[in-house]
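Numbering (this note's numbering), first residue to last: 542 to 926.
Written out as structure tokens, the structure is:
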């Protein structure tokens with residue numbers, strides 16, 4: 542049976558296991574060695590080469606989930622995306638990048654690309670026409686994010702992939718918010734798919750990691766840069782990540798189900814002025830999201846009414862945590878203008894729709910009635926102050 546014929550939960554549970562040939566244990570053994578034999582061996586293993594047994598086999602699980610030929614794992618999502626960029630862009634090249642994008646990626650591009658002589662253009666919007674209008678004769682890579690962080694905008698992934706192929710330009714996507722449970726961009730024609738594996742892949746708020754998937758040829762090119770930059774992660778973390786990914790399908794499907802319920806409830810709440818979630822029929826890209834996603838994801842954002850203090854609202858929450866990260870089994874919130882997009886200027890945030898009233902909501906696996914109760918009690922405590 543081939544990997545593509547296996548069900549998602551079967552891939553999560555079984556693909557990428559390191560077989561315990563000595564003791565026949567039910568879980569992967571952990572190989573913590575930083576030194577391996579180099580005489581008369583097929584593979585010369587070294588942690589910085591991303592090929593220790595645990596690293597090698599976890600990459601197989603991630604590739605199988607994304608329907609990719611190969612994958613490579615990193616010490617963080619930023620290590621993954623920065624290495625990917627530097628593998629395919631050099632002095633004089635041009636990157637087209639979506640304007641609704643994770644703030645850390647935006648900051649990396651603006652601060653580091655000028656040092657390398659790499660040109661870039663942020664799109665005016667997130668339609669395929671916006672991407673096409675930004676292309677130059679020296680464009681080598683188009684990068685997008687869908688759903689985007691934190692406004693959950695949806696880009697036509699298949700159309701951007703076709704645009705790239707028609708112009709002989711590589712395409713890449715940040716698939717962190719959707720995860721391969723809800724979206725498989727390679728099936729839509731995208732060349733490279735990256736993740737902050739800290740998020741849904743880890744899922745328990747105790748791992749920092751990143752990943753890129755694609756063809757073997759493209760991953761080999763990324764590896765050639767990665768081994769020089771040294772962004773590998775420890776085998777202890779790799780082992781924990783492989784264990785966490787066994788429940789990826791179960792977790793994300795449960796969180797996605799909760800998110801849709803919460804989005805519908807918040808959308809009718811008198812103290813919520815706006816809800817951003819692609820699973821709402823009122824979302825401008827609802828039909829597009831439905832056509833290219835298997836589920837709408839577990840992330841949403843909402844704006845509190847102007848009479849509420851967004852900072853105090855988060856302080857009054859009892860069950861839902863204020864957190865810098867996302868995608869754990871526990872529900873969390875943040876203010877993007879203070880965290881993920883804090884490095885942008887106020888004008889830049891306004892241009893991409895990030896208001897001070899915006900709350901990003903990572904929905905967990907709790908009972909929905911408890912999440913609703915928590916939000917209501919927090920609002921009640923601050924609405925008359």
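Glycine included, C-beta positions come from ideal geometry on N, C-alpha and C.
Note that the structure is a prediction, hence the values are computed from the model and not measured.
Cut-off 7 Å between Cβ atoms - residues of its own chain near residue i, not counting five sequence neighbours on either side
i           : result
residue 922 : 857
residue 672 : 637, 664, 683, 701 and 704
residue 913 : 806
residue 708 : 676
Beta bridge counterpart(s) of residue i as assigned by DSSP
i           : result
residue 737 : 751
residue 712 : 683
residue 612 : 754
residue 815 : 844
residue 863 : 874
Own chain partners of residue i with C-beta closer than 6 Å, once the 5 adjacent residues on each side are dropped
i           : result
residue 615 : 621, 751 and 772
residue 659 : 630 and 634
residue 691 : 842, 877 and 901
residue 710 : 680 and 683
residue 904 : 796, 799, 800, 803, 839 and 872
N- and C-terminal bounds of the beta strand (DSSP E) containing residue i
i           : result
residue 843 : 840-845
residue 636 : 635-638
residue 913 : Segment 909-923 is the alpha helix (DSSP H) holding residue 913; no beta strand (DSSP E) there.
residue 903 : 899-903
residue 660 : 660-663
Distance between residue j and residue i (C-alpha atoms, nearest Å)
i           : j           : result
residue 911 : residue 851 : 20 Å
residue 635 : residue 883 : 26 Å
residue 591 : residue 832 : 36 Å
residue 829 : residue 730 : 16 Å
residue 662 : residue 677 : 9 Å
residue 631 : residue 749 : 28 Å
residue 680 : residue 706 : 12 Å
residue 733 : residue 757 : 11 Å
residue 817 : residue 842 : 5 Å
residue 920 : residue 743 : 31 Å
residue 869 : residue 581 : 44 Å
residue 644 : residue 555 : 35 Å
residue 694 : residue 641 : 8 Å
residue 603 : residue 612 : 7 Å
residue 800 : residue 820 : 9 Å
residue 779 : residue 579 : 23 Å
residue 849 : residue 865 : 21 Å
residue 551 : residue 886 : 45 Å
residue 738 : residue 775 : 14 Å
residue 619 : residue 626 : 10 Å
Residue i vs residue j beta-carbon contact at 9 Å
i           : j           : result
residue 599 : residue 786 : yes
residue 685 : residue 639 : yes
residue 907 : residue 863 : no
residue 720 : residue 789 : yes
residue 585 : residue 577 : yes
residue 916 : residue 810 : yes
residue 667 : residue 696 : yes
residue 736 : residue 716 : yes
residue 797 : residue 837 : yes
residue 762 : residue 589 : no
residue 793 : residue 741 : yes
residue 593 : residue 574 : yes
residue 835 : residue 722 : yes
Segment limits, alpha helix (DSSP H) that includes residue i
i           : result
residue 601 : 594-606
residue 559 : First-last for residue 559: undefined, no H or E at that position.
residue 586 : From DSSP, residue 586 is part of no alpha helix (DSSP H); its letter is neither H nor E.
Same chain, Cβ closer than 8 Å to residue i, neighbours up to 5 away in sequence not counted
i           : result
residue 653 : 623
residue 847 : 814 and 898
residue 543 : Residue confidence for residue 543 is low, a pLDDT of 49 falling below 50, so the modelled location carries little weight and cannot support an answer.
residue 854 : 845, 900, 919, 920 and 923
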